[in-house]
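Asker: The letter at position 47 of the sequence shown is residue 50 when you use the working numbering, and the numbering goes up by one with no holes.
Attaching a single structure in C-alpha cells format; questions to follow.
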Amino acid sequence: METMSAKVVNMEWTDEFITNAQHELTAMVKDWKYDYGADDKACVAMLSWMILRLKPDAEIDLGSF
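If you want it as C-alpha cells, here you go:
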C-alpha cells in the first residue's frame with residue numbers, strides 16, 4: 004500500500020483546508036451522481052471504501068447513515 008507524502012501528512016487542518024476538502028468531496032459526489040446515476044447509498048459506500056483503503060482499521064459506524 005502506498006504511503007502519504009510528508010507534505011500531505013504535515014498539512015495543517017485549518018478551517019480553509021477543511022472547507023476546501025468539503026467542496027472537493029461534494030463536487031466528487033455530484034460527479035458520481037451525474038456520470039453514473041449513483042444514489043446517496045452508493046455514494047456513501049464509495050466514500051466508505053475510500054476511507055478503508057486509506058485507513059484499513061478505521062471504525063465506521065454504519066448506523067450513522
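No residue lacks a Cβ here, since even glycine has one placed at the ideal position from N, Cα and C.
This structure is a prediction, so every number in the text was calculated from the model and none was measured.
Cα-Cα, which of ASP42, SER51 and GLY66 is closest to PRO59?
Answerer: Residue 59 sits at position 56 when you count from the first residue of the sequence shown. When each option's Cα is compared against that of PRO59, the closest is SER51.
Asker: Relative to the C-alpha of CYS46, which candidate in ARG56, ASP34 and ILE21 has its C-alpha closest?
Answerer: Numbered from its first residue, the sequence shown carries residue 46 at position 43. Minimum Cα distance to CYS46 is reached at ASP34.
Asker: What's the C-alpha gap between LEU28 and MET49?
Answerer: As a first step, residue 28 is located in the sequence shown; it is residue number 25 there, counting from the start. As a first step, residue 49 is located in the sequence shown; it is residue number 46 there, counting from the start. When rounded, the distance between both Cα atoms is 12 Å.
Asker: Quick check on MET4: does DSSP put it in helix, strand or coil?
Answerer: Here the question's residue 4 lines up with position 1 in the sequence shown. With a pLDDT of only 49 at MET4, under the threshold of 50, the placement of this residue in the model should not be trusted; the figure read from the coordinates follows. Of the three classes helix, strand and coil, the one that applies to MET4 here is coil, per DSSP.
Asker: Does DSSP classify ASP34 as helix, strand or coil?
Answerer: The count along the sequence shown starts at 1 and reaches residue 34 at position 31. Helix, per DSSP.
Asker: Tell me the rounded alpha-carbon separation between GLY66 and LEU55.
Answerer: Counting from 1 along the sequence shown, the entry for residue 66 is found at position 63. Counting from 1 along the sequence shown, the entry for residue 55 is found at position 52. Distance between the alpha carbons of GLY66 and LEU55: 17 Å.
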